[in-house]
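K.L.:
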Amino acid sequence: MKYDPKALEAKWQERWSQAQLYHTPDSPRKKYYVLEMFAYPSGDIHMGHFRNYGIGDAVARYRMMKGEDVLHPFGWDAFGLPAENAAIKNKLQPLDWTLKNVETGKKTLQRMGISYDWDREVRTFDPDYYKWTQWLFLLLFKNGWAYRAPSMVNWCANDGILANEQVHDGKCWRCHSEVIKKPIENTWFFKYSAMAERLNNDIDKLTGWPEPTKTGQRNWIGKSVGCEIDFDLEGKKLTVFTTRPDTTWGVSFVVIAPEHPLAAGFTAPEVKEYIRRASQKSERDRTMEGEKDGVFSGQYVTNPLNGDQVPLWVADYVLAHYGTGVVMGVPAHDTRDFAFAKKYGLPVKAVISGGHEPLTDAWTASGKMVHSGDLTGTPSPEGIPKVIEFIEKKGAGRPTIHYKLKDWLISRQRYWGCPIPIIHCPKDGPQAVPDQDLPVHLPRVENFQPKGRSPLADHPEFMNTTCPQCGGPAQRDPDTMDTFMCSSWYLYRYVDPKNTNEPWSRDEARKWLPVDLYIGGAEHTNMHLLYFRFIAKVLFDTGWVPTDEPVLRLYHQGMVCDETGAIMSKSRGNAISPSEIMDEWGVDVCRLAMFAFAPSDIDIKWKQDGLASAQRLVIRLWDFFEERVPRVAGSAPKGAAYKPLRQQAHLLLKRMTAAAEQPLDFNTAIAEVYKLLNAADALKLDPKTDDEKGAIHEVLLILAKVLAPMAPFLGEEFHEMLGGKGSVFKSSWPVFDAAAAKSDTIEIPVQVNGKLKAKFTAPADSTQDQLKALALALPELAGVTPKKVIVVPGKLVNVVA
RNA sequence: GCCUGGGUGGCGGAAUUGGCAGACGCGUCGGUUUCAAAAACCGAUGGCCGCAAGGUCAUGGGGGUUCGAUUCCCCCCCCAGGCACCA
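The opening residue of the first sequence carries number 208 in my numbering; numbering runs sequentially from there.
(1) Please classify SER234 as buried or exposed, where buried requires at least 16 neighbouring CB atoms within 10 angstroms.
(2) Provide the residue(s) that pair with TYR738 in DSSP beta bridges, ordered along the chain.
(3) CB-CB under 6 Å to SER579, same chain, minus the five flanking residues each way: which ones, in chain order?
(4) Within a Cβ cutoff of 8 Å, which residues of the same chain sit near GLU275, ignoring the five residues on either side of it in sequence?
(5) What separation, rounded to the nearest whole angstrom, lies between the Cα atoms of GLY584 and LYS575?
(6) Measure the alpha-carbon distance for ALA886 versus ALA847 and round it to whole angstroms.
(7) To which residues of the same chain is ALA805 closer than 8 Å at the C-beta, ignoring the five residues directly before and after it?
(8) Considering only the beta carbon of each residue, do VAL508 and LEU519 sit closer than 8 Å?
(9) Can you look up HIS904 in the DSSP assignment and give me helix, strand or coil?
(10) Kindly indicate which three-state DSSP category ASP665 falls into: helix, strand or coil?
(11) Check each candidate in VAL722, PRO851 and SER400 and name the one with the smallest Cα separation from LEU761.
(12) Label THR531 either buried or exposed according to how many other C-beta atoms from any shown protein chain fall within 10 Å of its C-beta, with 16 as the threshold for buried.
(13) Examine the Cβ distances between the stretch 732–745 and the stretch 681–700 and report whether three or more of them are shorter than 8 Å.
(14) Using the C-alpha atoms, what's the distance from ALA403 back to PRO554?
(15) Do PRO657 and GLY377 come within 8 Å of each other at the CB atom, strictly closer than that value?
(16) Classify ILE591: buried if its beta carbon has 16 or more other beta carbons within 10 angstroms, exposed otherwise.
(17) Can you list, in chain order, the residues of its chain whose CB lies under 8 Å from that of HIS648, leaving out five sequence neighbours each side?
(18) Among the candidates GLU328, GLN227 and GLU435, whose CA atom is the shortest distance from the CA of LYS937?
(19) I'd like to know if the stretch 540–556 and the stretch 416–430 are in contact, where contact means that at least 3 CB-CB pairs between them fall below 8 Å.
(20) Among LYS601, PRO476, ARG425 and SER661, which residue has its Cα nearest to the Cα of VAL521?
(21) Please state whether the Cβ-Cβ distance between PHE281 and PRO785 is less than 8 Å.
(22) When you compare only the Cα positions, how much space is there between GLY261 and GLU221?
(23) Grab me the residues of ASN259's own chain with a C-beta within less than 7 Å of its C-beta, minus the 5 sequence neighbours each way, in chain order.
(24) Compare the Cα-Cα distances from ILE877 to each of TRP615, LEU910 and ILE903 and report the closest residue.
(25) Quickly, what does DSSP pair SER431 with across the bridge? List them, please.
(26) Determine whether the beta carbon atoms of TRP395 and ALA364 lie at a separation below 8 Å.
(27) Cβ atoms of LEU799 and MET917: under 8 Å apart, would you say?
(28) Using the C-alpha atoms, what's the distance from GLN869 back to GLU905?
(29) If PRO248 and VAL309 are in contact, beta carbons under 8 Å, what's the gap, nearest whole angstrom?
(30) Go to GLY320, then tell me how far its alpha helix (DSSP H) extends in each direction, as first and last residue.
(31) Just verifying my parser: in three-state terms, what is the DSSP assignment at VAL652?
(32) On the CB-based measure, 16 or more other CB atoms within 10 Å of its CB, does SER384 come out buried or exposed?
(33) If I'm right that LEU890 touches PRO837 with Cβ under 8 Å, what's the distance once you round it to whole angstroms?
(34) Excluding the five sequence neighbours on either side, which residues of its own chain have a C-beta within less than 8 Å of the C-beta of THR952, listed in chain order?
(35) Name the one or two DSSP bridge partners that SER358 has.
(36) Return the chain-ordered list of same chain residues with a C-beta closer than 6 Å to the C-beta of PRO956, the five sequence neighbours on each side being excluded.
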């Protein structure tokens, strides 16, 4: 029989669906919850999705074969800007555009044969789903996590509020007019920053997370331990935040952020103009390295430690929302302050001695405190608590901790999102929509184009309602939620997706949570992956979930780029459709080509070359089974013959098991498959005895099972050819035989001064002394007088001469 | 600018985490087969010097630690991702 991928795929898809193979089991066995980040349906899925979901699929299938209860669900994160933009462009409703894409994407994923339990599919735009997103909002609201405050938005005179993505070089992406920053009233925030300490501390619990991701989160949370010091501004307190109170005697100016409330009182025209200009700059531009500028406010402040009068400056590198929005300038010991002082001719006063005078640059390391009153002579690290103690006694300061983490802005003035379930009553203020009235449906409206305010605000039939408290006329909140809210809890809905009474049952949550493996891109480090940790903690504290960290192990898959290195995406027009490739080459070839390309965690520039190579491999495998299986018929899968072949089979098994357990570098497992086939070719197999037949049978069985997670159709077919009954995924993972995988002899390289000079073969268990003797006896080492011989048993001999 | 990764033959990548650099694959070259080609199969394949044996250089660049460095440390260059309304 010829290898016919289409026939194989049809055959096994049919069997899988009849057997409900991917229906989530419920048994006392060990559970495994493998989750890939759900998809944004922006068209058909592309090779990036194909790769990401293929990785999760291989893990899920491996776990099934290990005999675990696997939960492997999928869904769609479908609210948000792209749907609105596409709908406007194509003159469609966002819902219709989204539904179409979900359907196409789902078809492609099913085509791939991914082991999702589609009965658990969730879609964030379904009222059955967003009902509980609203419930979650209210849970936070009722527990005191939500508050309303003004926020700053990008404002275009024509198009109204713009997302950052819609602002290019300070101009509107559509009409190219100047975009300004404008405050809007009454947007909802969550007190995310109040969780900062816990989010930071609990990073230590994330033992299964990549270190860079954890570092990224620590930096994002940005904990700084320091103190506040109250300077005096004409009788008013001007509080600075510093992590270096030991340098307070060296303050030669103080800088206040342009948005600081006190700055609004400055009257000099150049100061007013500076503040106006700063308000239009992006935060990134303001904090970029390079020239820092500022303006003298005309006022002076008094240093409470030494009574110095120093000038107060306004500069936009100081941000109002971080710390106290005021910093003290210590040019001698801070690089940025040094540059600022040089630029404006401000004095530089060294107060930490590092033996570095005269100052040509800031001395930021520790040293001995000098010119520092009573503390002169104190090592600066010891000086920090002493200064704090002193100012505290004086009532001029206090120890504090500040975080960079900002509160989470939830409100979006847009149509395509989850409505905020709040009713604003003129008498009673903001009221939660009662549980029985959830969900607040997102109405289908003709004009959903965002302008100056939420499009829903212009729909009286949506807006007008009654206050649940007093029954009087009231208005709904017109805004929708940040889509990060939708994606912060989907992992819980999967455990009980059809529940109509609760977001999920606590029993199901206890069974399945936390997620054992979460696969998604590293670009989510600071946002999604922190938001969902925050939500996990709120849900834990309110008794809804069993752990306050949602995910045990996190894995970042690499991105798929085109040949020029640009990320593949629909919007760039460089997306390659997996559907077409699967049509042309077959699913297994396509999957193997992706796995063979590179380890799963590095970015790749996708090239089609791998497909032909994977196809050759598949045909080689197919022929291998076709030819060998009849010749081992009737034998038990066990035998001692063909040692090199069996050795390679167990090395393959070891590699694949390791790959599926931890690094997901399936490319190395595929290399072992090639080695196995190469070894078989070299041996010219011709099994006659039962032992020989058994040995080959064992090799074939290992090969079939090891391939199954990566190439499920072939895995099933090979397993069946070998007489396996039912699905290979209901069989078992092969048992690794260390003795079979081990060589009797090893080749030992011999170096002289670290350079390779010779090699010899020795028994695998040779001792250090034996190896040394064998090495020194080699003819290549005849002229060498060893000063020292380093022997690493099992590895090498290095002669130092 | 800040934070986080990364840089290994013509290409994708491997290297048991300090121990033979380049596994395995792609490509290229040579051969077998063929009227011819494709496919398949066999062999070669990091650079330089050499007929060869062999020598020598080589993991972005420069320095260091070590018997030994792709791996650890310091400095520099380049690329990618994130920077709070893209998700």
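All C-beta atoms, glycine included, are put in the ideal place defined by N, C-alpha and C.
Computed from a prediction, not measured in an experiment: that's the story for all the values here.
P.N.:
Well, looking at it:
(1) In the first sequence, residue 234 corresponds to position 27, counting from 1. Exposed, because fewer than 16 other Cβ atoms sit within 10 Å of the Cβ of SER234.
(2) Within the first sequence, numbered from 1, the residue matching residue 738 stands at position 531. Bridge partners of TYR738: none, in fact.
(3) One-based indexing of the first sequence puts residue 579 at position 372. So the list reads TRP456 and VAL558, once near-sequence residues are dropped.
(4) As a position in the first sequence, residue 275 is number 68, starting the count at 1. Cβ neighbours of GLU275 beyond the five flanking positions: ARG236, LYS237, LYS238 and TYR239.
(5) Counted from its first residue, the first sequence places residue 584 at position 377. Counted from its first residue, the first sequence places residue 575 at position 368. Near 6 Å, if we compare the C-alpha coordinates of LYS575 and GLY584.
(6) Mapped onto the first sequence, residue 886 falls at position 679. Mapped onto the first sequence, residue 847 falls at position 640. Taking the straight line joining both Cα atoms gives about 16 Å.
(7) Here residue 805 corresponds to residue number 598 of the first sequence, with the count starting at 1. The residues are GLY765, ILE811 and ASN874.
(8) Position 301 of the first sequence, counting from 1, holds the residue named residue 508. Position 312 of the first sequence, counting from 1, holds the residue named residue 519. Cβ atoms of VAL508 and LEU519: closer than 8 Å.
(9) Your numbering for residue 904 matches position 697 in the first sequence. Helix, per DSSP.
(10) As a working note, residue 665 is residue 458 in the first sequence. ASP665 falls in the helix class under three-state DSSP.
(11) Translated into positions along the first sequence, residue 761 becomes position 554. When only C-alpha atoms are compared, the closest one is VAL722.
(12) What you label residue 531 is simply residue 324 of the first sequence in a count that begins at 1. Under the 10 Å beta carbon count, THR531 is surrounded by 16 or more other beta carbons and is classified as buried.
(13) These segments touch.
(14) Stepping through the first sequence from its first residue, residue 554 is reached at position 347. Stepping through the first sequence from its first residue, residue 403 is reached at position 196. Whole-angstrom Cα-Cα distance: 37 Å.
(15) Here residue 377 refers to the residue found at position 170 of the first sequence. Here residue 657 refers to the residue found at position 450 of the first sequence. No. Outside cutoff.
(16) Along the first sequence, read from residue 1 onward, the residue named residue 591 stands at position 384. By the 10 Å Cβ count, ILE591 comes out buried.
(17) For the purposes of this step, residue 648 is taken as residue 441 along the first sequence, with counting starting at 1. Non-local beta-carbon contacts of HIS648 in its own chain, meaning distances under 8 Å to residues more than five positions away in sequence, involve PRO334 and PRO626 in chain order.
(18) Numbered from 1 along the first sequence, position 730 holds the residue referred to as residue 937. Of GLU328, GLN227 and GLU435, the residue nearest in Cα terms is GLN227.
(19) no
(20) Within the first sequence, numbered from 1, the residue matching residue 521 stands at position 314. The shortest Cα separation from VAL521 among LYS601, PRO476, ARG425 and SER661 belongs to PRO476.
(21) Taking the first sequence and counting its residues from 1, one reaches residue 281 at position 74. Taking the first sequence and counting its residues from 1, one reaches residue 785 at position 578. Their beta carbons are not under 8 Å apart, which means PHE281 does not touch PRO785 by this criterion.
(22) Here residue 261 refers to the residue found at position 54 when the first sequence is read from its first residue. Here residue 221 refers to the residue found at position 14 when the first sequence is read from its first residue. Taking the straight line from one Cα to the other gives about 20 Å.
(23) For this step, residue 259 is matched to residue 52 along the first sequence. Here the set comprises GLU243, ILE726 and GLN764.
(24) Taking the first sequence and counting its residues from 1, one reaches residue 877 at position 670. Ranking the options by Cα distance to ILE877, first place goes to LEU910.
(25) Here residue 431 is taken as the residue at index 224 of the first sequence, counted from 1. DSSP, once it has assigned bridges, lists HIS609 as partnering SER431.
(26) On the first sequence, residue 395 is found 188 positions in, with the first residue counted as 1. On the first sequence, residue 364 is found 157 positions in, with the first residue counted as 1. Cβ atoms of TRP395 and ALA364: not closer than 8 Å.
(27) Counted from its first residue, the first sequence places residue 917 at position 710. Counted from its first residue, the first sequence places residue 799 at position 592. Going by C-beta atoms, MET917 is nearer than 8 Å to LEU799.
(28) Walking along the first sequence from the start, residue 905 turns up at place 698. Walking along the first sequence from the start, residue 869 turns up at place 662. Each residue's alpha carbon lies about 25 Å from the other.
(29) Here residue 248 refers to the residue found at position 41 of the first sequence. Here residue 309 refers to the residue found at position 102 of the first sequence. The pair is a contact, with the Cβ atoms about 5 Å apart (cut-off 8 Å).
(30) Position 113 of the first sequence, counting from 1, holds the residue named residue 320. Careful: GLY320 lies outside any alpha helix (DSSP H) and carries neither H nor E.
(31) As a first step, residue 652 is located in the first sequence; it is residue number 445 there, counting from the start. Here VAL652 sits in coil by DSSP.
(32) Taking the first sequence and counting its residues from 1, one reaches residue 384 at position 177. With fewer than 16 other Cβ atoms within 10 Å, it is exposed.
(33) Taking the first residue of the first sequence as position 1, residue 890 is located at position 683. Taking the first residue of the first sequence as position 1, residue 837 is located at position 630. LEU890 to PRO837, Cβ: 18 Å. No contact.
(34) Locating residue 952 in the first sequence gives position 745, where the first residue counts as 1. The residues are THR968, ALA969, PRO970 and ALA971.
(35) By 1-based counting over the first sequence, the position of residue 358 is 151. BP columns for SER358 point to ILE391.
(36) Start at 1 with the first residue of the first sequence, and residue 956 comes out as number 749. Around PRO956: LEU963, LYS966 and LEU1003.
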